[in-house]
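Student: Remember, my numbering sits 13 above the position in the sequence shown when you count from 1.
Sharing a structure below in C-alpha cells format, with a few things to ask.
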Amino acid sequence: MTDTQKTPGADNADHGDGGDAFVSAFQAAGADYLFCSSGSEWAPVWESLARRHRDGLPCPRYLDLTHETVAVGMATGYGLVRRRPQGVLLHAAPGLLQGSMAVHGAMLAGVPMVVASSESTTYGDGPGQDPGGQWYRNLSIVGGPHGIAQPFTKWSNEAAGVHTLPTMITRAAELSWRAPAGPAYLNIPLEILLEEWDGREAKPVVPPGSTHSSPEEADSVAQLIREARNPVIVTETSGREAGGFEALVAFAEAWHIPVVEPDSAVCGNFPRTHPLHAGSDIGPWMDEADLILLVNCRAPFYPPSRRPSKARIVVIDEVPQRPHVVYQVLFADAYLEGNVANTLRQLAKRAKDLDETAVAERRTAQEARSDAERTAVTTAETKAEQHQTEGIDPVLLAATLRELLDGRDGIVVDETITHSRIVKRHLRTDVPDSYFYVQGGLGQGIAVALGVKLAARERPVVLTIGDGAFTYNPVIPSYDASKAYELPLLIVVFNNRVYKSMNLNHRRFYPEGAAAETGEWLGTDLRRLPRLAAFAEPFGMHTETVDVPDALAPALERALKAVSEGTTAVVDVLVTR
14 MTDTQKTPGA DNADHGDGGD AFVSAFQAAG ADYLFCSSGS EWAPVWESLA RRHRDGLPCP
74 RYLDLTHETV AVGMATGYGL VRRRPQGVLL HAAPGLLQGS MAVHGAMLAG VPMVVASSES
134 TTYGDGPGQD PGGQWYRNLS IVGGPHGIAQ PFTKWSNEAA GVHTLPTMIT RAAELSWRAP
194 AGPAYLNIPL EILLEEWDGR EAKPVVPPGS THSSPEEADS VAQLIREARN PVIVTETSGR
254 EAGGFEALVA FAEAWHIPVV EPDSAVCGNF PRTHPLHAGS DIGPWMDEAD LILLVNCRAP
314 FYPPSRRPSK ARIVVIDEVP QRPHVVYQVL FADAYLEGNV ANTLRQLAKR AKDLDETAVA
374 ERRTAQEARS DAERTAVTTA ETKAEQHQTE GIDPVLLAAT LRELLDGRDG IVVDETITHS
434 RIVKRHLRTD VPDSYFYVQG GLGQGIAVAL GVKLAARERP VVLTIGDGAF TYNPVIPSYD
494 ASKAYELPLL IVVFNNRVYK SMNLNHRRFY PEGAAAETGE WLGTDLRRLP RLAAFAEPFG
554 MHTETVDVPD ALAPALERAL KAVSEGTTAV VDVLVTR
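Here is the structure:
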C-alpha cells in the first residue's frame, strides 16, 4: 500500500513533516479541493502547500473560508455534483462543533468528504515545538474530537502517528466514498503534523467497485412487476447516484410505471415535466397500488406505521437500511441490493411479455393524473398572476423563476421550508443535477449553493431560501467566499416576514390556546429585521427588494444578468404567505 519515495517539496531537508504527509495523502485521495476554516493547527499544511506552489508541484486547490459552515457546506455542494470525497479542515473541537450541523447535513445528503481537525497530545510538556497554550486552556475536549464526531459521521478516528497518517487519510476517503456515502472524520494531533515524516506516500485512491444483485433476484422482481396491474415507483435520492436519473427514466418508461417524488426527496430524480411523473403525494397510492417500488427511498411512509393496504413492497437500494437513521420502516417484501443505476438498467431490459391490457389501463390513468396536474399548475399560476394586493404570491415567484431559467441549464438549491412544495411543483426541473434540497438543518444554503457553483461554473446556480433560513446562514462569510473565489449566485429570498412553519405548529397544537385568544405568537415574528438584500451591498453585489408583481420579472432579469457578468445578486421578494 505504500512506497518509499520522498515527499516532493521538502525544503532543504531529507524528510518533510506531517503537513507534507497530509497534502500528499489528499493528493492521492483525488481531492480537488481543501475547504479550510482556519485554525492554528494547520500551519504545517499551509507550509507544505506554499512549497508545492513555489516549486510547481501538484496538490489540491486550497480555499480560505471564514466560517465552518461555509467550509463544510461548500464541500457538500461540490460533492453533490462531483460525487468524490474532498478535504475539509476545521479547528480543533470548537471548530468541529461549529461545523457539526453541516457535517450532519452531508451525512443525510450522502456526500463523501474527509473532515479533519486537531487536538494536542503534549500540551507543551513534550519534546519538539511548543503547540501553544491555547490547547491546554481552551481547545481540548475529553475523549478527543473524534469522540464527539462519531454520532454525525460515517467513521471517526484518530491518527496515531505521522507514518500512518497518509494511509489513514486515504482510508477515510475510501470509507466515505462507499455506500452509504457520507463524511468521515480524522483527528490529527498538531504534534503529528509537526513531526518529521519519512516520505512514504499513500497509494492513489481509485473509485469504488460496484455491487450487483444476482440475475435470479432481478428476474424475480421483474416477474412481480409483470404481474402487477397498478405499480408505482417512489424515490427520494435515485438522482444522487451517478447515472441514476437517466436509469430511472429508462426503467419507468420500459414498464410504463408512474413515479412519485415525496416531499422528502432531496434532489431531482425524475423529470417533473415527464408524463409519468405522479407528483409528490404517495397518499393516493396507499390503498390503490398493488406493488410499490422504493428506489433509494429511506423514509417513504409517515407515520412509519402507515402501511399500504395491499401492495407488495420491493426495495431497490445499495444500502436499504441506513445505519445513521434512528428509526426506519420500509415494510419490504423483497430487496434488490447493489448499484441502483445498474439495477434499474437490468430491470428495464427485462420489460418483456407485458400485459398490454394492464399497461393500457395504467397509462390511461396516469395520463388523466398528468393532465389534472398540468391544469392545477396552470390554474394556480393564473390565480397568482391575477393577485393584486400588496406583496407577491410565492407561486408567481416560482413560476417567474422557471420562465427565467428556461433553456439556461440552471441548478436550483432550495432552502425554503413552507415554500418548498411550491418551488418543486412550479420550477419543474427536468434534467439531472438540476435541483438539490439542503439537508440537516437551516443555515447552510448559501454555502451549499457556492459549492455547487464551484463544481459547475458554467451553469447558473439559483438559491431559493426563506427569510428565516437566510438569517440562520453565516451571510458575511458566505458573501466573502462568493467574491473571493468568483462564485456568483442568484439568491432569491421568499420573505414572508415570519417563521411560518413554527407558527403553523403552534396553531396546530393549540388551536384554541392562549396565543390564539390574545394574538401573542412568540418565536415567529421577523418583521423587525432590516432589508435582507442590504447585507450584500458592502460586497458590491447586485441587490433588489421587490414587493409588487409588476416589478418581479424585471428585477429577476436584472439580477440574472448581473450573475452572468460575474456578480452575486440578492433579490428579496416580499411574498404574501
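Ideal placement from N, C-alpha and C gives every residue a C-beta, glycine not left out.
Model, not experiment: these values are computed from the prediction.
1. Please list the segments of the beta strand (DSSP E) lying wholly inside the region 323–357, counting only runs of 3 or more residues, in order along the chain.
2. Residues in its own chain within less than 6 Å of residue 312 by CB, not counting five upstream and five downstream?
3. With burial defined as no fewer than 16 other Cβ atoms inside 10 Å of the residue's Cβ, what is the status of residue 48: buried or exposed?
4. Return the chain-ordered list of same chain residues with a C-beta closer than 7 Å to the C-beta of residue 113, the five sequence neighbours on each side being excluded.
5. Counting beta carbon pairs with one atom in the region 338–357 and one in the region 212–232, are three or more of them shorter than 8 Å?
6. For residue 318 and residue 341, what's the separation of their Cα atoms in angstroms?
7. What is the rounded straight-line gap between the Cα of residue 72 and the Cα of residue 65?
8. Report the CB separation of residue 204 from residue 144 in whole angstroms; it is logged as a contact under 8 Å.
9. With a threshold of 7 Å on Cβ separation, who are the neighbours of residue 570 within its own chain once the five nearest residues in sequence on each side are excluded?
10. Among 116, 122 and 369, which residue has its Cα nearest to the Cα of residue 451?
11. Using the Cβ count rule (16 or more neighbours within 10 Å means buried), how would you classify residue 406?
12. Return the residue from the list 118, 577 and 294 that minimises the CA-CA distance to residue 386.
13. Please report the distance separating the alpha-carbon of residue 522 from that of residue 509.
14. Mind pulling the alpha helix (DSSP H) runs of 4 or more residues that sit fully within the region 211–244?
15. Could you tell me the alpha carbon to alpha carbon distance between residue 328 and residue 370, rounded to whole angstroms?
16. Kindly indicate which three-state DSSP category residue 400 falls into: helix, strand or coil?
17. Assuming residue 96 and residue 255 make a contact with CB atoms under 8 Å, what is their CB distance in whole Å?
18. With a CB to CB cut of under 7 Å and the five nearest residues on each side skipped, what residues in its chain are close to residue 74?
19. For residue 497, collect the residues of the same chain with a Cβ closer than 8 Å to its Cβ; drop the 5 residues on either side in sequence, then sort them by chain order.
20. Determine the DSSP secondary structure at residue 102, reduced to helix, strand or coil.
21. Which of helix, strand or coil does DSSP assign to residue 489?
22. Between which residues of its own chain and residue 572 is the CB-CB distance below 7 Å, once the five residues before and five after are set aside?
23. Please return the same chain residues whose Cβ sits closer than 8 Å to the Cβ of residue 353, not counting the five positions on each side in sequence.
24. For residue 508, which residues does DSSP report across the bridge?
25. Among 125, 148, 478 and 291, whose alpha-carbon lies nearest the alpha-carbon of residue 132?
26. Assuming residue 168 is part of the beta strand (DSSP E), what are its boundary residues?
27. Count the other CB atoms, across all protein chains shown, that sit within 10 Å of the CB of residue 480; report buried if there are 16 or more and exposed otherwise.
28. Might you give, ordered along the chain, the residues of its own chain that have their beta carbon closer than 6 Å to the beta carbon of residue 35, omitting 5 neighbours on each side?
29. Is there contact here, the region 279–294 with the region 356–372, by at least three beta-carbon pairs under 8 Å?
30. Pull up the distance between the alpha-carbon of residue 337 and that of residue 578, whole angstroms please.
31. At the level of alpha carbons, what is the spacing between residue 274 and residue 150?
32. Enumerate, from N- to C-terminal direction, the unbroken alpha helix (DSSP H) stretches of 4 or more residues contained entirely within the region 167–210.
33. In chain order, which continuous runs of the beta strand (DSSP E) of length 3 or greater are located wholly inside the region 30–83?
34. Under DSSP, the beta strand (DSSP E) around residue 308 begins and ends at which residues?
35. Based on the DSSP output, what are the partners of residue 130 in its beta bridges?
36. To which residues of the same chain is residue 434 closer than 8 Å at the C-beta, ignoring the five residues directly before and after it?
Tutor: Per the coordinate set shown:
1. As summarised for the region 323–357, the continuous beta strand (DSSP E) elements at least 3 residues long and confined to that stretch are 325–329 and 347–349, given in chain order.
2. Taking the first residue of the sequence shown as 1, we reach residue 312 at position 299. So the qualifying residues of the chain are 277.
3. Position 35 of the sequence shown, counted from the start, is the residue given in the question as residue 48. Buried, because 16 or more other Cβ atoms sit within 10 Å of the Cβ of residue 48.
4. Start at 1 with the first residue of the sequence shown, and residue 113 comes out as number 100. Spatial neighbours of residue 113 in its own chain (CB-CB distance under 7 Å, excluding positions within 5 residues in sequence) are listed in chain order as 165.
5. Taking a contact to require three or more Cβ pairs closer than 8 Å, the region 212–232 and the region 338–357 qualify as touching.
6. Here the question's residue 318 lines up with position 305 in the sequence shown. Here the question's residue 341 lines up with position 328 in the sequence shown. About 10 Å.
7. Locating residue 72 in the sequence shown gives position 59, counting from the first residue. Locating residue 65 in the sequence shown gives position 52, counting from the first residue. Residue 72 and residue 65 have their alpha carbons spaced roughly 7 Å apart.
8. On the sequence shown, position 191 is the one that residue 204 refers to. On the sequence shown, position 131 is the one that residue 144 refers to. The Cβ separation is near 6 Å, so the contact holds.
9. Translated into the one-based positions of the sequence shown, residue 570 becomes position 557. Result list for residue 570: 417, in chain order.
10. Taking the sequence shown and counting its residues from 1, the one referred to as residue 451 is at position 438. Checked all of 116, 122 and 369; the closest Cα to residue 451 is 122.
11. Within the sequence shown, numbered from 1, the residue matching residue 406 stands at position 393. Buried, by the Cβ-count rule.
12. Start at 1 with the first residue of the sequence shown, and residue 386 comes out as number 373. For the set 118, 577 and 294, the Cα lying nearest the Cα of residue 386 is the one of 294.
13. To locate residue 522, count along the sequence shown from 1; it is residue 509. To locate residue 509, count along the sequence shown from 1; it is residue 496. C-alpha separation (whole angstroms): 22 Å.
14. Runs of the alpha helix (DSSP H) inside the region 211–244: 228–240.
15. As a working mapping, residue 328 is identified with position 315 in the sequence shown. As a working mapping, residue 370 is identified with position 357 in the sequence shown. If you draw a straight line from the Cα of residue 328 to the Cα of residue 370, it comes to about 26 Å.
16. Taking the sequence shown and counting its residues from 1, the one referred to as residue 400 is at position 387. For residue 400, the secondary structure class from DSSP, reduced to helix, strand or coil, is coil.
17. Taking the first residue of the sequence shown as position 1, residue 96 is located at position 83. Taking the first residue of the sequence shown as position 1, residue 255 is located at position 242. Right, their Cβ atoms sit about 6 Å apart.
18. Locating residue 74 in the sequence shown gives position 61, counting from the first residue. Excluding sequence neighbours, residue 74 sits near 45 and 46.
19. As a working note, residue 497 is residue 484 in the sequence shown. Same-chain partners within the cutoff: 77.
20. Here residue 102 is taken as the residue at index 89 of the sequence shown, counted from 1. The answer is strand: DSSP assigns residue 102 an E or B state.
21. Sequence index remark: in the sequence shown, residue 489 carries index 476 (1-based). Reduced to three states, the DSSP call for residue 489 is helix.
22. Along the sequence shown, read from residue 1 onward, the residue named residue 572 stands at position 559. Sequence-distant partners of residue 572 (beyond 5 residues in either direction) whose C-beta falls short of 7 Å from its own C-beta, in its chain, are 503, 555, 557, 582 and 584.
23. Here residue 353 refers to the residue found at position 340 of the sequence shown. Contacts found: 251, 254, 257, 260, 308, 309, 329, 330 and 331.
24. Taking the sequence shown and counting its residues from 1, one reaches residue 508 at position 495. Its beta-bridge partners are 587.
25. Numbered from 1 along the sequence shown, position 119 holds the residue referred to as residue 132. Nearest option by C-alpha distance: 148.
26. Against the sequence shown, residue 168 aligns to sequence position 155. Unbroken beta strand (DSSP E) run through residue 168: 168–171.
27. Counted from its first residue, the sequence shown places residue 480 at position 467. Flag for residue 480 reads buried.
28. Position 22 of the sequence shown, counted from the first residue, corresponds to residue 35. If we look at residue 35 and ignore the five residues flanking it on each side, its Cβ neighbours are 58.
29. With a cut-off of 8 Å, the region 356–372 and the region 279–294 do not count as touching, because too few Cβ pairs lie within range.
30. As a working note, residue 337 is residue 324 in the sequence shown. As a working note, residue 578 is residue 565 in the sequence shown. Looking at the two C-alpha atoms, the distance is approximately 42 Å.
31. Taking the sequence shown and counting its residues from 1, the one referred to as residue 274 is at position 261. Taking the sequence shown and counting its residues from 1, the one referred to as residue 150 is at position 137. Cα to Cα, the separation comes out at about 51 Å.
32. The qualifying runs are 178–190 and 203–207.
33. Counting only runs of 3 or more, we get 46–50 and 74–78.
34. Here residue 308 refers to the residue found at position 295 of the sequence shown. 304–308 is the span of the beta strand (DSSP E), which, as asked, contains residue 308.
35. Here residue 130 refers to the residue found at position 117 when the sequence shown is read from its first residue. Beta-bridge pairing links residue 130 to 200.
36. Position 421 of the sequence shown, counted from the start, is the residue given in the question as residue 434. Spatial neighbours of residue 434 in its own chain (CB-CB distance under 8 Å, excluding positions within 5 residues in sequence) are listed in chain order as 276 and 293.
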